[in-house]
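Let me begin by presenting the structure, written as structure tokens, before commenting on it.
Residue numbers (the numbering used here): 31 to 941.
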């Protein structure tokens, strides 16, 4: 990147000027476009308006939409072509004949086969030119002439080796290599001794201009014959042509001449003002060696080159300037200048004058705007605001990024929209500072009263600026006031002195009192979905829409649309930065690498027909063509014109959807359904569309809807219905059988359920008996426990009585021994406790599941309470006092988290 800028700067210092002309529009086609060979030896246009090219081994046909190529049966090189009526004659090595187009294909018919025309000195001849003279078709080699009259071919001997023959009016001029020029009237040949200067000169062209003959020699320039005298052409170009090798020449009209060279492309010479334009590889062409020249129906040029084909629209109202050097850069501003233009680009300010492009010294950098104020040009620059006058580039103010300089309609001053707001200048362009309170990048502005401005931000929002004595009193965000959230890229457009605002695909005007944006019906009905709107003058402006540019003229309270064909700017125009300058009837519009000039009043397109051809599987569709379902069909919309008069067309399929562009006249239709397909072709008529063509074709039903398939479907349906009937019958019988089986099964199931229910009842009965037995055992245990308790109580009473008898120690001792012998031993207590737990095993599980913190004593107490024993009965069983039982019960309630109003016994019984 650094190297690139270094080289660019080096060019600005070392070579500040670059010569390049404003040129007619040029279209280049290379061999990848037409899928052929390099050299194009000859070009002709047929009755069908298609162009035919002798392209080495191929006859190439171009109808403006598609390229087709064909080869001779013997595969020889085609050197010449000539169109006459429906026939396209071609000449090659020892062969000539004609082509006819049938069913969309070219078919060849030989005229020389089996006629023994190429014998003797003519054994190795190539036909280099074909022409018509006095109703006879002639095929010319360098040594022989063959005349076709009807079906017969006559061989004509020549006075020597020739270059070419040139029919002009009633005379054929035969240019020999060594003997000068001969004339031929169809019978005899006469040498022209008065033109002896042409001897030993190879002539590649003879044209008649205003009763003068122009002879174009290969190495010696151009000679002009007037009556009996012949002199070198008195033109500044003639000496230059002697070293550039003339290959071909063609009169365009009564005052213009095209000369094709081997080294410098083509020259277009204006014989009236003696000027010329050179179109070559340095400015437009892809190749400098011009082998042949043809004029089409629009009198535009078609060049057959040593490598490719070129189409030059010399009669178009368009001229273009494209900087091929890369020095100019992208153009953002244009202003008319002395014999040329001032151009502002991202590289600086350039002066294009007398076909020379020159960088203005010191202006390097981004230029946004050029305005002519009096004798000065005011330049909005990235580094400040400058003036340019009399070759002097000087700084006017430090204001950077001046996008627009606006003359106040209510005073002599100027407002400048720039990077940081709005700058002020007086009538003498003296800088007066900036408006306060508006510190934003302002792209555009308009003043509608002495105290009122409207300005749009470079990114978003629309502002109303109120002034008092030249000072800002208030700044109102109009889009915010109107609650418009998406207010990016607001466009301001002045029409007939009134401001119009475009945002969110809507046009608005503003109510000056309420500051409310109001939808404008006139502009919304005409200019929706646009990308740019640029003023030209009070009655004209430029609209960008769907990638197209339109010149809008306001006449009789109506908007008239004029489409600028997109090929002149496609891919080279930035919609947001479109600049247009009017100069008389011409519009100058910027491009990425230059500009183009459009004379929008000079031409009116002629009424024309639009033949339509449909292709299926690369074959022309006719009544016998069967187009299968869901296949692709190609549609070609033909026109007799290839240049400016060619319309940009649109189409609708079956009147569905929006208008679609038929780019290049070609439409590809995919996935077509069966039935009639109707295509309507339209051209733009102002803002509307006018139908100019219609084409229809039939698409067959899919194979699965053919007659045989319908019969198959009927057979299958009938068989299916029969099978369905049989299947239903079998199913019904099976259903009855299954119903009987089900009933038997249900009976068995019912019996099993009944047996199970009886068994369950027996089990429940046995369970209740077991429960009664368990309760009985529990009662026995309780009785036993009670008996034990009574016995323990009796023993305690005896022990108390014996305690009172102090004098009977021996008796006391004996009684104690007896009591101890009769007391319950530890083993019996353990057995008692085990039985107690087993008899209440389920209860213990539920109890411990409810509260895991219970001790064995707690569990015993719960079991005794479950057995409905009182505290007094429980005390001896637990070997504690009555008070101890009550205390234990209290602690048990706490562990069980029982409420104060809940009975412990009731809780245990319900557990």
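We put the beta carbon where it would ideally sit given N, CA and C, even for glycine.
Can you find the residues in the same chain that come closer than 6 Å, C-beta to C-beta, to residue 622, ignoring five residues on each side of it along the sequence?
Taken in chain order, the residues that qualify are 360 and 602.
Let's see if you can read the secondary structure: which residues bound the alpha helix (DSSP H) around residue 508?
It spans 508 to 511 - the alpha helix (DSSP H) in which residue 508 sits, taken as one unbroken run.
Leaving out five residues on either side along the sequence, give the residues of the same chain with a beta carbon under 8 Å from the beta carbon of residue 286.
So the list reads 298, 299, 300, 301 and 344, once near-sequence residues are dropped.
Does the beta-carbon of residue 649 have 16 or more other beta-carbons within 10 angstroms, so that it is buried, or is it exposed?
By the 10 Å Cβ count, residue 649 comes out exposed.
Quick one: grab the DSSP three-state call for residue 737.
Looking at residue 737 - three-state DSSP - the assignment turns out to be helix.
At 3 residues or longer, what runs of the beta strand (DSSP E) sit wholly inside the segment 501 to 565?
Entirely contained in the segment 501 to 565, the beta strand (DSSP E) runs reaching 3 residues are, in chain order, 501 to 507, 521 to 525, 528 to 533, 536 to 540 and 547 to 549.
Can you tell me whether residue 743 is helix, strand or coil according to DSSP?
In the structure shown, residue 743 sits in a helix (DSSP, three-state: H, G or I).
Which residues mark the beginning and the end of the alpha helix (DSSP H) in which residue 641 is found?
First-last for residue 641: undefined, no H or E at that position.
Which same chain residues, not among the five before or five after residue 375, have their C-beta less than 7 Å away from its C-beta?
These residues qualify, in order along the chain: 358, 359, 360, 361, 362 and 397.
Which residues in the same chain have their Cβ closer than 7 Å to the Cβ of residue 507, if we skip the five residues on either side of it in sequence?
Within the same chain, residue 507 has close Cβ partners 491 and 493.
Can you tell me whether residue 420 is buried or exposed? The criterion is at least 16 other CB atoms within 10 Å of its CB, across all chains shown.
Exposed: under 16 other Cβ atoms inside 10 Å.
Pairing CB atoms from the segment 386 to 397 with CB atoms from the segment 406 to 414, are three or more of them under 8 Å?
Result yes; three or more Cβ-Cβ pairs closer than 8 Å.
Output the distance between the C-alpha atoms of residue 590 and residue 725, rounded to the nearest integer angstrom.
Rounded to the nearest angstrom, the two C-alpha atoms are 29 Å apart.
Would you decide whether residue 40 is buried or exposed? Buried here means 16 or more other CB atoms lie within 10 Å of its CB.
Any reading at residue 40 needs caution, since the residue's pLDDT is 39, under 50, leaving its predicted position unreliable; the model's value is listed next. Exposed, by the Cβ-count rule.
Going by Cα to Cα distance, which pick from 89, 377, 447 and 708 is closest to residue 686?
The residue with the shortest Cα to Cα distance from residue 686 is 708.
For residue 151, does the three-state DSSP call read helix, strand or coil?
Residue 151 falls in the helix class under three-state DSSP.
Measure the C-alpha to C-alpha separation of residue 459 and residue 435 and round it to an integer number of angstroms.
C-alpha separation (whole angstroms): 11 Å.
Give, in chain order, every unbroken run of the alpha helix (DSSP H) that is at least 4 residues long and sits entirely within the segment 854 to 905.
Within the segment 854 to 905, the complete alpha helix (DSSP H) runs of at least 4 residues are 856 to 869, 871 to 880 and 886 to 896.
So, for residue 308: in the same chain, excluding its five sequence neighbours on each side, which residues have a beta-carbon less than 7 Å away from its beta-carbon?
For residue 308, where only same-chain residues beyond five positions count, the Cβ hits under 7 Å are 294, 295 and 297.
Threshold first: 3 residues or longer. Then list the beta strand (DSSP E) segments lying entirely within the segment 42 to 103, N to C.
Runs found: 47 to 49, 53 to 59, 72 to 75, 81 to 85, 88 to 92 and 97 to 100.
Quick one: what does DSSP say residue 939 is sitting in, helix, strand or coil?
Looking at residue 939 - three-state DSSP - the assignment turns out to be helix.
So what does residue 451 bridge to, in DSSP terms?
448, per the DSSP bridge assignment.
Cβ of residue 247 less than 9 Å from any chain C Cβ?
Looking for chain C here will not work: only one protein chain is present.
In the DSSP assignment, find the beta strand (DSSP E) that holds residue 412 and state where it starts and stops.
Here residue 412 belongs to no beta strand (DSSP E), and DSSP marks it neither H nor E.
Using a Cβ-Cβ cutoff of less than 6 Å, which residues in the same chain neighbour residue 618 once the five nearest sequence positions on both sides are dropped?
364, 611, 625 and 627.
Would you mind sorting residue 576 into buried or exposed? The rule is 16 or more other CB atoms within 10 Å of its CB.
So residue 576 counts as exposed.
Taking the beta strand (DSSP E) that residue 485 falls in, what are its first and last residues?
Its beta strand (DSSP E) spans residues 482 to 487.
Report all residues from its chain with a CB closer than 7 Å to the CB of residue 65; omit the five preceding and five following residues, and keep chain order.
Closer than 7 Å at the Cβ level, and outside the excluded window around residue 65, lie 97 and 99.
Once the 5 residues before and after residue 255 are set aside, which same chain residues still bring their CB inside 6 Å of it?
Hits under 6 Å: 243.
Just mark residue 206 as buried or exposed, buried being the case when its beta carbon has 16 or more other beta carbons within 10 Å.
The residue in question, residue 206, is buried, as its Cβ has 16 or more Cβ neighbours within 10 Å.
Going along the chain, which residues of its own chain have a beta-carbon closer than 6 Å to the beta-carbon of residue 351, five neighbours each way excluded?
Closer than 6 Å at the Cβ level, and outside the excluded window around residue 351, lie 52, 624 and 625.
So who's on the other strand from residue 424, going by DSSP bridges?
In DSSP, residue 424 forms a bridge with 417.
Which residues bound the alpha helix (DSSP H) around residue 248?
Neither: residue 248 is in no alpha helix (DSSP H) and is coded neither H nor E.
So, with DSSP's three-state summary, where would you put residue 205?
Residue 205: strand per DSSP, three-state reduction.
Look at the Cβ atom of residue 668, then the Cβ atom of residue 642, and state whether they are nearer than 9 Å.
Their beta carbons are under 9 Å apart, which means residue 668 touches residue 642 by this criterion.
Using a Cβ-Cβ cut-off of 7 Å (strictly less than) and excluding sequence neighbours within five positions of residue 61, which residues of its own chain qualify?
So the list reads 67, 68 and 338, once near-sequence residues are dropped.
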